[in-house]
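All residue numbers for the sequence shown refer to the working numbering, where the first residue is 4 and numbers rise by one.
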Amino acid sequence: MSQIADFCQSLKQDFSPRCQNPRQPVRCWSEQDILNHKVVDAYVIILRTRGCSWALSSGCTMCGYFNDSNWAPVTQQDFQAQFEHALAGYKAEKIIKVFTSGSFLDPTEIPVHLQQEFLGQLAQRAEKVSVESRPEYVTEKALSMIQHTVQSTLFEVGIGLETSNDLIRDKAINKGFSFKAYVKAAQLLKKHQMNLKTYVLMKPPFLTEHEALDDCLQTTKDIAPYTDLISLNPTNVQRHTVVEYLWKRDQYRPAWLWSVVEYLKQSQTLTDAEVKCDVVGGGSRRGAHNCGTCDAKILQAIQQFSLTQHKKSLKGLTCGCQETWRDQLDLEHLSIGSCVDFQRWRP
Ligand code: SF4
Ligand SMILES: [Zn+2]
Numbered sequence: 004m005s006q007i008a009d010f011c012q013s014l015k016q017d018f019s020p021r022c023q024n025p026r027q028p029v030r031c032w033s034e035q036d037i038l039n040h041k042v043v044d045a046y047v048i049i050l051r052t053r054g055c056s057w058a059l060s061s062g063c064t065m066c067g068y069f070n071d072s073n074w075a076p077v078t079q080q081d082f083q084a085q086f087e088h089a090l091a092g093y094k095a096e097k098i099i100k101v102f103t104s105g106s107f108l109d110p111t112e113i114p115v116h117l118q119q120e121f122l123g124q125l126a127q128r129a130e131k132v133s134v135e136s137r138p139e140y141v142t143e144k145a146l147s148m149i150q151h152t153v154q155s156t157l158f159e160v161g162i163g164l165e166t167s168n169d170l171i172r173d174k175a176i177n178k179g180f181s182f183k184a185y186v187k188a189a190q191l192l193k194k195h196q197m198n199l200k201t202y203v204l205m206k207p208p209f210l211t212e213h214e215a216l217d218d219c220l221q222t223t224k225d226i227a228p229y230t231d232l233i234s235l236n237p238t239n240v241q242r243h244t245v246v247e248y249l250w251k252r253d254q255y256r257p258a259w260l261w262s263v264v265e266y267l268k269q270s271q272t273l274t275d276a277e278v279k280c281d282v283v284g285g286g287s288r289r290g291a292h293n294c295g296t297c298d299a300k301i302l303q304a305i306q307q308f309s310l311t312q313h314k315k316s317l318k319g320l321t322c323g324c325q326e327t328w329r330d331q332l333d334l335e336h337l338s339i340g341s342c343v344d345f346q347r348w349r350p
């Protein structure tokens with residue numbers, strides 16, 4: 004195991020899983036999304052599984068999804084109860100996203116026959132069904148099974164590539180797969196006429212704000228031939244993670260919302276894919292944020308851009324803190340370690 008993998012693992016040692024109800028999904032909610040260039044409703048189901056296999060062995064430096072996992076086997080009856088519970092809240096949304104706090108296609112999280120049963124039921128109800136998976140579970144066998152199950156319903160797999168840079172993915176994120184593995188999964192999805200959504204991470208630990216922005220832009224160029232949709236995920240500080248360890252010691256600041264805006268403005272010149280961004284924890288100290296005064300306005304513009312893909316949603320945004328952000332981009336490479344988040348610092 005590498006040192007960073009060891010460190011990720013060691014942070015979970017003091018973690019005691021909360022008592023979870025294996026018969027209830029983690030969460031279900033309705034949100035807006037885009038389908039065929041129109042804004043539609045989407046229903047999101049997060050099933051509770053025993054947890055992401057990668058998180059069980061070490062895990063990614065920014066991911067605290069394991070906080071929601073069961074950390075114990077979930078039986079077939081439990082899964083069926085979760086699924087029924089989830090379906091009770093479904094209100095004919097056109098898109099259904101069925102996620103786990105890991106990989107839906109990992110057979111050790113959800114047995115294949117249950118994947119098939121759930122996808123079959125969802126495909127009968129929605130126009131598009133979406134799951135998330137690490138690339139190692141996107142296999143010819145799995146996709147043939149899904150194709151047979153969902154038939155003509157549009158099917159999408161979201162892969163958390165985070166960055167096209169193998170060094171950053173390996174050393175700063177501890178993701179445990181290569182860009183080559185992502186490309187292989189992308190080609191298999193294309194072969195089966197399925198869509199690919201790629202998650203790009205803004206600001207992994209150990210990168211400056213400028214490096215993080217450049218990395219997202221370079222990644223967008225590199226994945227342009229493969230992906231149908233890009234979801235930019237600015238890191239938020241989750242519990243029991245390397246990111247939280249650094250953040251508590253003033254060695255990590257989540258991305259500025261200005262960096263997100265800059266990325267979105269430039270992204271359309273780099274790819275034909277739709278680009279969206281859902282800023283989890285946006286505006287808070289643990290999420291991507293600005294000075295506190297302009298955050299709500301910027302977050303609204305980002306949301307508007309994500310739904311319309313119109314660059315005009317991002318026009319005319321200004322605040323005094325933009326200068327501080329620019330100064331950070333210019334000067335941070337001269338400092339050692341992360342710039343302290345003075346504007347939102349709480350001793
Ligand atoms: S980011 Fe994905 S692959 Fe990494 S630990 Fe979290 S759920 Fe697992
Ligand atoms: Zn501001």
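We put the beta carbon where it would ideally sit given N, CA and C, even for glycine.
(request) Could you tell me if the beta carbon of S136 falls within a distance shorter than 7 Å of some heavy atom in ligand 1? (result) Mapped onto the sequence shown, residue 136 falls at position 133. No, ligand 1 has no heavy atom inside 7 Å of this Cβ.
(message) Comparing C-alpha positions only, which one of T111, Q124 and Q79 sits nearest to V101?
(response) For the purposes of this step, residue 101 is identified with residue 98 of the sequence shown, where counting begins at 1. Distance from the Cα of V101 is smallest, within the candidate group T111, Q124 and Q79, for Q124.
(request) Kindly indicate if chain D contains any beta-carbon less than 8 Å away from that of A291. (result) Considering every chain present, this structure includes no chain D. It has just one protein chain.
(request) Identify the continuous beta strand (DSSP E) that holds E34 and give its terminal residues. (result) The residue labelled residue 34 in the question sits at position 31 within the sequence shown. For E34, the uninterrupted beta strand (DSSP E) run begins and ends at R30 to L38, by DSSP.
(request) Quick one: give me the first and last residue of the alpha helix (DSSP H) that A215 is part of. (result) Working through the sequence shown from its first residue, we reach residue 215 at position 212. Residues E212 to I226.
(request) Determine, using beta-carbon pairs with one atom in the stretch 325-333 and one in the stretch 37-56, whether at least three such pairs fall under 8 Å. (result) No, the stretch 325-333 does not touch the stretch 37-56.
(message) Using a Cβ-based criterion (distance less than 7 Å to any ligand heavy atom), does G323 qualify as near ligand 2?
(response) Taking the first residue of the sequence shown as 1, we reach residue 323 at position 320. Yes, ligand 2 has a heavy atom inside 7 Å of this Cβ.
(message) At a threshold of 7 Å, does W261 count as lining ligand 1 (C-beta to nearest heavy atom)?
(response) For the purposes of this step, residue 261 is identified with residue 258 of the sequence shown, where counting begins at 1. No - ligand 1 has no heavy atom lying nearer than 7 Å to the Cβ of W261.
(message) Considering just the uninterrupted stretch of the alpha helix (DSSP H) at A45, what are its terminal residues?
(response) Within the sequence shown, the letter at position 42 stands for residue 45. In the DSSP assignment, A45 falls outside any alpha helix (DSSP H) and within the unbroken beta strand (DSSP E) covering K41 to L50.
(request) Check the DSSP bridge columns for K279 and list the partner residues they point to. (result) For the purposes of this step, residue 279 is taken as residue 276 along the sequence shown, with counting starting at 1. DSSP output for K279 lists S234 as bridge partner(s).
(request) Provide the residue(s) that pair with T201 in DSSP beta bridges, ordered along the chain. (result) Along the sequence shown, read from residue 1 onward, the residue named residue 201 stands at position 198. BP columns for T201 point to I162 and I233.
(request) Figure out for me which residue from A75, G319, T272 and A58 has the closest Cα to the Cα of G67. (result) As a working mapping, residue 67 is identified with position 64 in the sequence shown. With respect to the C-alpha of G67, the residue from A75, G319, T272 and A58 having the closest C-alpha is A58.
(request) With hydrogens ignored, establish whether the beta-carbon of Y68 is closer than 7 Å to any heavy atom of ligand 1. (result) Walking along the sequence shown from the start, residue 68 turns up at place 65. Taking the Cβ of Y68 as the reference point, at least one heavy atom of ligand 1 falls within a distance shorter than 7 Å.
(request) Would you be able to state if there are at least three C-beta pairs under 8 Å between the stretch 172-182 and the stretch 25-38? (result) Touching, no.
(message) Can you give me the C-alpha to C-alpha distance between A276 and V141, rounded to a whole angstrom?
(response) Start at 1 with the first residue of the sequence shown, and residue 276 comes out as number 273. Start at 1 with the first residue of the sequence shown, and residue 141 comes out as number 138. Approximately 21 Å between the Cα atoms of the pair.
(request) In angstroms with no decimal places, state the Cα-to-Cα distance between D217 and P207. (result) On the sequence shown, position 214 is the one that residue 217 refers to. On the sequence shown, position 204 is the one that residue 207 refers to. The alpha-carbon atoms of D217 and P207 are separated by roughly 12 Å.
(request) Would you give the residue range spanned by the alpha helix (DSSP H) that V186 belongs to? (result) Residue numbering aside, residue 186 sits at position 183 when the sequence shown is read from its first letter. Here the alpha helix (DSSP H) through V186 covers F182 to K194.
(request) Use the C-beta contact count for V42: other C-beta atoms within 10 angstroms, 16 or more gives buried, fewer gives exposed. (result) Your numbering for residue 42 matches position 39 in the sequence shown. Exposed, by the Cβ-count rule.
(message) Under DSSP, the beta strand (DSSP E) around S338 begins and ends at which residues?
(response) Your numbering for residue 338 matches position 335 in the sequence shown. The continuous stretches of beta strand (DSSP E) do not include S338, and DSSP gives it neither H nor E.
(request) Drop a sphere of 10 angstroms on the beta-carbon of G62, count the other beta-carbons inside from all chains shown, and report buried for 16 or more, exposed for fewer. (result) Looking up residue 62 in the sequence shown gives position 59. Result: buried.
(message) Starting from E143, trace the alpha helix (DSSP H) in both directions and tell me its first and last residue.
(response) Residue mapping note: residue 143 aligns to position 140 of the sequence shown, counting from 1. In this chain, the alpha helix (DSSP H) harbouring E143 covers E143 to V153.
(message) I need the DSSP call for S19, collapsed to helix, strand or coil.
(response) Mapped onto the sequence shown, residue 19 falls at position 16. Three-state result, S19: coil.
(message) Tell me the DSSP secondary structure of L157 in three-state form.
(response) Position 154 of the sequence shown, counting from 1, holds the residue named residue 157. DSSP places L157 within a strand segment (E or B) once states are collapsed to three.
(request) Spell out a yes or no on whether the stretch 74-82 and the stretch 103-110 are touching, meaning 3 or more CB-CB pairs, one atom from each, closer than 8 Å. (result) Here the stretch 74-82 makes no contact with the stretch 103-110; the two share fewer than three CB pairs at distances below 8 Å.
(request) Put I99 into one of helix, strand or coil per three-state DSSP. (result) Here residue 99 refers to the residue found at position 96 of the sequence shown. Taken through DSSP and simplified to helix, strand or coil, I99 comes out as strand.
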